[in-house]
Amino acid sequence: MSVCGGCDLTHHQLQHLLEDDDKIKDFILAHSLIKSKISCGVCGTEVALKKGYIFRCNRQRRVPGKQKRFQRCNFYQSALKGSWFSRSHVAPSCTLELGY
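Quick note, the sequence shown lines up with residues 95 to 194 if you use the numbering used here.
Now the structure itself:
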């Protein structure tokens with residue numbers, strides 16, 4: 095993933111981009127405003143970004159001493175945490191539009 099050197103989006107192009115959540119997410123990832131993968135805070139597994147700007151780890155592991163018993167990791171974290179969008183209390187599309 096490369097970091098943007100600067101965009102020359104017109105207001106019309108930005109409005110077209112903001113119409114689709116998938117395009118917004120791709121734009122944000124392409125410009126490295128949020129991470130696409132993180133390490134799970136519980137088990138250390140690499141976790142990919144899921145729908146809705148969430149990292150979720152559902153890794154299962156065997157419970158020691160129990161036959162046929164598994165436990166899920168259940169780690170989740172917002173992809174917006176620690177990013178330019180954290181603590182904004184509005185959707186990333188609104189933040190992009192206001193910042194433009």
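Where is the CB? At the ideal position from N, CA and C, for every residue including glycine. Here the structure is a predicted model, which is why all the values come from computation and not from measurement.
Determine which residues share a DSSP beta bridge with residue i and list them.
i, result
"Gln154", "Arg166"
"Phe149", "Leu143, Gln171"
Smallest Cα separation from residue i: which of the options?
i, options, result
"Lys145", "Gln107, Ala124, Asp115, Tyr194", "Asp115"
"Cys134", "Ile122, Gln154, Trp178", "Gln154"
"Asn152", "Ala185, Ile122, Asn168, Lys162", "Asn168"
"Arg87", "Phe164, Cys188, Phe149", "Only positions 95 to 194 of the chain appear in the structure, and residue 87 is not among them; the question remains open."
Is it buried or exposed, residue i, if we count other Cβ atoms within 10 angstroms and call 16 or more buried?
i, result
"Lys117", "exposed"
"Ser180", "exposed"
Check whether the Cβ of residue i sits closer than 8 Å to any heavy atom of the ligand MN, and report yes or no.
i, result
"Gln171", "Looking at this structure, you won't find the ligand MN or any other ligand, since it has none at all."
Would the segment 135-153 and the segment 101-110 be scored as touching if the rule is three or more Cβ pairs under 8 Å? Touching, no, given that fewer than three Cβ pairs across the two stretches are closer than 8 Å.
Quick check: the segment 172-185 against the segment 121-130, are at least 3 beta-carbon pairs closer than 8 Å? Yes, since at least three Cβ pairs between the segment 121-130 and the segment 172-185 fall closer than 8 Å, the two stretches touch.
I'd like the ranges of any beta strand (DSSP E) spanning at least 3 consecutive residues and lying wholly in the segment 118-145. Segments of the beta strand (DSSP E) lying fully in the segment 118-145: 131-133, 140-144.
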